[in-house]
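Student:
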Amino acid sequence: MKKCALIALLIAALLAACETAIISSPIPTTLPKKDAPILDTATLEPRTLTVFAAASLIDAFTEIGHNFEVAHPGVTIMLNFAGSQTLSTQIIQGAAADVFASANHTEMDKVVAVHLIQKDTPKDFLTNKLLVILPKNTPANLQILQDLAQPGLKLVLADATVPAGKYTRQILDNMSKDPAFGPDFTTKVLANVVSNEIDVKLVVAKVQLGEADAGIVYSSDSVAAPDLLTIEIPAAYNVTARYPIAALTNAPQSELALEFIAYVFAADGQAVLKKWGFTPITP
Amino acid sequence: MQRFLRQLSIERNLGWVFILPSLVLVGLLGLPLVALLWRAIGKDFLDNVLSPTALSALKLSLLTSTVSVLIALAAGTPLAYILARWKFHGKTALELLIDLPIVLPPSVAGLALLIAFGRQGVFGVWLNSLGVTLPFTIAAVVLAQTFVSAPLFVRSARVGFAEIDKQLEEAATVEGANEWQVFRFIMAPLSGRALLTGFVLTWTRALGEFGATIMFAGNLEGKTQTMPLAIYLGFERGLGVAIALSVMLIVVSFVLLGVIRRLEHRTQAATHEI
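Below, the structure is given as structure tokens:
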């Protein structure tokens, strides 16, 4: 009897230990289908396209994926969202994906380097900017960018391994070169960081909950979270984040992958990207 | 004897029915760990283990998980005692509540902690007005770990207390022992093994906590970045540090589970002698 209880406990503990990565382990989302055009579906083989996309693309790609499914009966899109650094590792370690949309070139280049990307891809498909977000009823007196260096401010950034975190640090360095901010600006701002989040959407969440006084995220993130206050970062300091998209060489659905990428570049895809605050690149 | 032999031959003939499915599971559980160890072996291993990131994560993890397990011991033992020996209204509901974190996804735990004790949380606003802000602190790491791991201790201790013969307790009460004396001289010594098992399980679970920590305590190297968080972010550093830290966690967990197993055997042997 005692032994049974112990074994049950052990199993419970091991299960719990297995769950450790649950919040960031990307959960593939199957999009619901509705209003599929009436076609002779008997000739259509059901196909599943797996798309790995940067966390910042959650809203835009969920919508594009749904539209693509409606336009291509029989196709199911599986979306896997996470920080691009997580996705590139998953792909390199053998995850079966068809399309990879990264928030920067660093992560895409890692996949290119191991010859997992089809010829003629990757292509840049959008650009994005960064800005400062604040919770609506912020207790901190934050008016201008210089205030980010205020001692005691609680600042949340994306981790330096996450694309958004890399861009953020570039922007801070750009500001430090301007006498209006001073050479120790980056150091002072980084001293205010209370957490380096594992993807950019977690930065948004913690500012939305009012736990942080400020965060630095993509302009597109503030479109998806209209309840936040924002401070623009002037072009002189801002960076242009270029997102590349590519079809993978070992894609189970390589033809469909190219079709999906073409769809992202087509008018429909571009309209959705624009709606969610990105600047689409016309091919 | 004859029956025993017949049984043995049946077992031999149909052995594969048991062996094949078992191998599937053993492979699934064992191969990833073997692969990780295989990758870890190399000249970089020691460098990675001794890197500042790995060492500060290790130090923080050991400190926070130890504090968490001590909290679980100090508060969980009396709670388990109440649940095992007292009868009162709403006991089942209380037991369910305490078991719930064992099955909840840690991300839910983290979100709940943030919404309860965050700076603008339901109870956090009071704490904040007293000058206490929990999120993004080492205290938040401990709270997250305690939330997900202490229920394991309570569960184990409760089972241990419940299995003690009621007559012993009654006899002691007849002799004039008060509740504390019953606990101190009868219940605690007789349930020592269950308490220790719970202690070790809770510690291992706290050591491996990820989801609630990243939600409630965030991730800052040297302050709130525990081993599982450093492992997750190790991707960027060419996996070396992540693999080294994973191996360290596996070894620690393996040793701790081994301790439980030894204790189990010892008690079994003792029971057989009686």
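If you're matching them up, the sequences are chains A and B in order. Residue numbering for the first sequence follows the working numbering, beginning at 1 and increasing consecutively. Residue numbering for the second sequence follows the working numbering, beginning at 284 and increasing consecutively. For each residue, glycine too, the CB sits at the ideal point set by N, CA and C.
Do you know offhand how far G269 (chain A)'s Cα is from P163 (chain A)'s?
Tutor: Rounded to whole angstroms, G269 (chain A) to P163 (chain A) spans 23 Å at the Cα level.
Student: Give me whichever residues DSSP pairs with K188 (chain A) in a beta bridge.
Tutor: In the DSSP output, where bridge partners are listed per residue, K188 (chain A) has none listed.
Student: Would V535 (chain B) be called buried (16 or more neighbouring beta carbons within 10 Å of its own) or exposed?
Tutor: Classification for V535 (chain B): buried.
Student: Work out the CA separation of T62 (chain A) and K129 (chain A) for me, nearest whole Å.
Tutor: Approximately 21 Å between the Cα atoms of the pair.
Student: In or out: T86 (chain A) buried (at least 16 other Cβ within 10 Å) or exposed?
Tutor: Result: buried.
Student: Just the chain A side, please: which residues come within less than 7 Å of R402 (chain B) by C-beta, in chain order?
Tutor: Per Cβ cutoff of 7 Å: G210, E211.
Student: Looking at the structure shown, is N461 (chain B) part of a helix, part of a strand, or coil, going by DSSP?
Tutor: N461 (chain B): coil per DSSP, three-state reduction.
Student: Exposed or buried, which one is D330 (chain B) when buried takes at least 16 other CB atoms within 10 Å?
Tutor: Burial call: exposed.
Student: Pull up the distance between the alpha-carbon of M531 (chain B) and that of E211 (chain A), whole angstroms please.
Tutor: Using only the alpha carbons, I get a separation of about 33 Å.
Student: Out of curiosity, what's the CA-to-CA distance linking Q428 (chain B) and A513 (chain B)?
Tutor: Each residue's alpha carbon lies about 16 Å from the other.
Student: Would L228 (chain A) and I133 (chain A) be called neighbours here (beta carbons separated by less than 8 Å)?
Tutor: Closer than 8 Å, so yes.
Student: By how many angstroms is the C-alpha of A440 (chain B) removed from the C-alpha of H105 (chain A)?
Tutor: About 53 Å.
Student: Are G359 (chain B) and F466 (chain B) close, meaning C-beta to C-beta below 8 Å?
Tutor: No, the Cβ-Cβ distance between G359 (chain B) and F466 (chain B) is not below 8 Å.
Student: Quick one: what's T76 (chain A) bridged to in DSSP?
Tutor: For T76 (chain A), which the question treats as bridged, DSSP gives the partners A:T48.
Student: Does the segment 317-327 of chain B come within contact of the segment 463-477 of chain B, defined as at least 3 CB pairs closer than 8 Å?
Tutor: As far as the Cβ criterion goes, the segment 317-327 of chain B does not touch the segment 463-477 of chain B, which means the pair count is below three.
Student: Just checking, does the segment 215-225 of chain A make contact with the segment 113-123 of chain A on the three C-beta pairs under 8 Å criterion?
Tutor: These segments do not touch.
Student: What residues match up with L155 (chain A) in a beta bridge as DSSP calls it?
Tutor: Answer by DSSP bridge pairing, in chain order: A:V193, A:A214.
Student: List, in chain order, every chain B residue whose beta-carbon is nearer than 7 Å to that of D159 (chain A).
Tutor: Residues of chain B passing the Cβ test: N502, L516.
Student: Can you confirm whether V112 (chain A), when its beta carbon is compared against all beta carbons of chain B, has any partner nearer than 8 Å?
Tutor: No, V112 (chain A) lies away from the interface with chain B (no Cβ there is under 8 Å from its Cβ).
Student: Distance check for P73 (chain A) and F493 (chain B), CA to CA, integer angstroms please.
Tutor: Distance between the alpha carbons of F493 (chain B) and P73 (chain A): 40 Å.
Student: To the nearest angstrom, how far is the alpha carbon of R242 (chain A) from that of T420 (chain B)?
Tutor: C-alpha separation (whole angstroms): 35 Å.
Student: List the residues that DSSP assigns as beta-bridge partners of D124 (chain A).
Tutor: For D124 (chain A), which the question treats as bridged, DSSP gives the partners A:P244.
Student: From the DSSP output, read off the bridge partner residues of V132 (chain A).
Tutor: According to DSSP, which records beta bridges pairwise, V132 (chain A) is partnered with A:I216, A:I231.
Student: From the DSSP output, read off the bridge partner residues of F430 (chain B).
Tutor: Bridge partners of F430 (chain B): none, in fact.
Student: Output, in chain order, the set of chain A residues within a Cβ distance shorter than 7 Å of P418 (chain B).
Tutor: Going along chain A in sequence order, the residues near P418 (chain B) (Cβ under 7 Å) are E211.
Student: So for T440 (chain B), helix, strand or coil by DSSP?
Tutor: In the sequence as displayed, the identity of residue 440 (chain B) is Ala instead of Thr. In this structure, A440 (chain B) counts as helix in the three-state DSSP scheme.
Student: Could you compute how far the alpha carbon of F444 (chain B) sits from the alpha carbon of G65 (chain A)?
Tutor: Each residue's alpha carbon lies about 55 Å from the other.
Student: DSSP on F537 (chain B), reduced to helix/strand/coil?
Tutor: Looking at F537 (chain B) - three-state DSSP - the assignment turns out to be helix.
Student: Examine chain B for any beta-carbon lying closer than 8 Å to the beta-carbon of V194 (chain A), and answer yes or no.
Tutor: Taking Cβ atoms only, chain B reaches closer than 8 Å to V194 (chain A), which makes this a yes.
Student: Is the distance from the Cβ of L516 (chain B) to the Cβ of I91 (chain A) below 8 Å?
Tutor: Not in contact: L516 (chain B) and I91 (chain A) (Cβ atoms no closer than 8 Å).
Student: According to the Cβ coordinates, are L248 (chain A) and A97 (chain A) closer than 8 Å?
Tutor: Against a cut-off of 8 Å, the Cβ pair of A97 (chain A) and L248 (chain A) comes out as a contact.
Student: In chain B, what lies closer than 9 Å to K188 (chain A) by C-beta?
Tutor: None at all; the shortest Cβ gap to chain B is about 16 Å.
Student: Can you check DSSP and say which residues form a bridge with V99 (chain A)?
Tutor: Its beta-bridge partners are A:V51, A:A247.
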